[in-house]
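Notes for the one structure printed next.
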Amino acid sequence: MIECRKCVLTSEIEDIEFDDDGVCSYCRKIEIEISRYDVSDKSQKLELIFNEIRNKSNSSEYDCIIGVSGGVDSSYLVYLAVENGINPLLVHVDTGWNTKESVSNINKIVNKYDLDLYTHVIDWNEMAKLQEAFFAYKILDCDIPQDHVFPPVLHMLASKFGIKSILSGHNIWTEFTLPRNWSMNSDDKMFISSVFESYTGEKLKKYPTYSKLKKFYYKKIKNIKDYRPLYFVDYNQFSVQEILKDEFDWKDYGGKHFESKLTKYFQSYYLYNYFGIDKRKAHLSNLIQTGQIEKEDALEILKEKPYDESIVNNEKFVADKLGYSVEGFRKLIGSKTLSSAIKSDFDTIFYKLYRKFS
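Residue numbers (numbering that gives the first Met the number 0): 0 to 357.
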């Protein structure tokens, strides 16, 4: 097995390549991406973004929407926006998997800045059945039922309240590097709907979906624009956590995106035991590539399994939420075979048109 000279990714990844210096294609890719945002004065670019957002918000009570999970990125984004004079409407999409730390973190931020919070609760009956279906078919990316609902809810609420800007905490500093065969596209509405219908014999009715047509509508007709301000800051995950602790008494939840109990199980246990994927390798590589951690420290972390004894309670929680015993839940995983007739947005003519005109 070949290991990248710079990060901790190896030749086990399907599409990875190594150059003559022994550096992997994922390292070279992020170098190119970072150079696109290596502006001489990041603060000036950030100010331009916030000015644009303010100028678009004249007819609305709020300057923008920020989706909040209680996690590092969205919490820091709120801090950054408010400190720069932005008045956001905070939106939390409750998918049923919150940790107590995530809820507490959200409330602390709301109270600190006296911000308005809109909580949208996803219908649990459909969410649970969809999540169960993903486990039954042993689909690689079992986080999709959660991830898919965020964009449609945020854009729906932006349209409802006349808000033209949505701020995202996505960034290249901690979540750019991810091997292609370690995840799936969460935007595939047709795939999600087909999986649900195949498993239940019913159609999704209350679960928010985000078709390419709906995406086009919000972007081109409603003129709602998405921004990623964290691309234009000197973002260090560890420094940011200290700022959040000082400002809000923010509490750590133990791992990347572990503010969701489902994500903790999915990333640390499910991927590792059912697919042999240790997602920490991607997360740590991203931190190495952006100068936030040394490779030697990352290798020390990887000597331990991606989960500890707390995973026992975590697995039980997931099983209980879906109506199973732990034994029954383990039997559920992979108990069904996914039909080759399952559809995908990316196979449609409309998708090709969307890519051309969006």
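In this text, a Cβ means the ideal position worked out from N, Cα and C, and glycines have one as well.
Item	Value
Are the region 220-234 and the region 268-285 in contact at 8 Å, needing three or more beta carbon pairs?	no
For the alpha helix (DSSP H) containing K224, list its first residue and its last residue.	It is not in any alpha helix (DSSP H) - K224 instead sits in the beta strand (DSSP E) that spans 224-226.
Please determine whether the Cβ atom of K28 lies at a distance below 7 Å from any heavy atom of the ligand MN.	In terms of ligand content, the structure shown is empty, and the ligand MN therefore cannot be addressed.
Provide the residue span of the alpha helix (DSSP H) that contains I287, from first to last.	279-288
Who are the near neighbours of E441 in its chain, counting only those whose CB is closer than 6 Å to its CB and skipping five residues on each side?	Because the chain spans 0 through 357 in this model, residue 441 falls outside it and cannot be assessed.
Taking only three categories from DSSP, how would you classify S164?	strand
So, at 8 Å on beta carbons, what are the nonlocal neighbours of E293 in its own chain, with the 5 sequence-adjacent residues on each side left out?	I287
Taking only the alpha-carbon atoms, compute the straight-line gap between S309 and S39 and give it to the nearest angstrom.	45 Å
Does the separation of the CB atoms of L116 and L153 fall below 8 Å?	no
Less than 8 Å between C-beta atoms, sequence neighbours within five positions excluded: which residues of the same chain meet that for T262?	W96, D142, Q145, H256
Determine which residues share a DSSP beta bridge with P87 and list them.	C63
In terms of alpha-carbon separation, which member of S74, E30, S324, S267 lies closest to E303?	S267
So, helix, strand or coil for C6, using DSSP?	coil
What first and last residue would you give for the beta strand (DSSP E) that runs through L116?	115-120
Taking buried to mean at least 16 other C-beta atoms within 10 Å of its own C-beta, is F349 buried or exposed?	For F349, the predicted structure reports a pLDDT of 45, less than 50, and the residue's modelled location is therefore unreliable. A value from the coordinates is still provided. With fewer than 16 other Cβ atoms within 10 Å, it is exposed.
Assuming V148 contacts P207 under a Cβ cut-off of 8 Å, what Cβ separation, rounded to an integer in Å, is found between them?	5 Å
What span of residues does the alpha helix (DSSP H) with T173 cover, start to end?	171-174
Just the C-alpha distance for Y226 and S164, rounded to the nearest angstrom, thanks.	7 Å
Alpha helix (DSSP H) containing L360: first to last residue?	Given a span of 0 to 357 for the chain in the structure shown, any question on residue 360 remains unanswerable.
Cα separation between C158 and I300?	Rather than Cys, the amino acid found at residue 158 in this sequence is Ser. Distance between the alpha carbons of S158 and I300: 44 Å.
Under 8 Å between the Cβ atoms of I223 and Y61?	no
Short check: CB of D228 to CB of L76, under 8 Å?	Reading off the sequence shown, one finds Pro at residue 228, where the question assumed Asp. Yes, these two residues count as a Cβ contact at 8 Å.
Determine whether the beta carbon atoms of N285 and T176 lie at a separation below 8 Å.	yes
With V109 as the anchor, note down where its alpha helix (DSSP H) starts and where it stops.	99-112
Cβ atoms of D122 and K205: under 8 Å apart, would you say?	yes
Given this structure, state the Cα-to-Cα distance separating I15 from T9, to the nearest angstrom.	8 Å
Whose CA, out of I105, I332, H169, E13, lies closest to the CA of N367?	Any question about residue 367 goes unanswered here, given that the chain covers just 0 to 357.
Using a 10 Å radius around the Cβ and a threshold of 16 neighbouring Cβ atoms, would you call C6 buried or exposed?	buried
Who are the near neighbours of G290 in its chain, counting only those whose CB is closer than 7 Å to its CB and skipping five residues on each side?	none
For the putative contact between L129 and F195, defined by C-beta atoms under 8 Å, what is the C-beta separation to the nearest angstrom?	5 Å
Starting from the N-terminal side, write out each stretch of the alpha helix (DSSP H) that is 4 residues or longer and does not extend beyond the region 188-270.	188-199, 211-215, 236-247, 260-264
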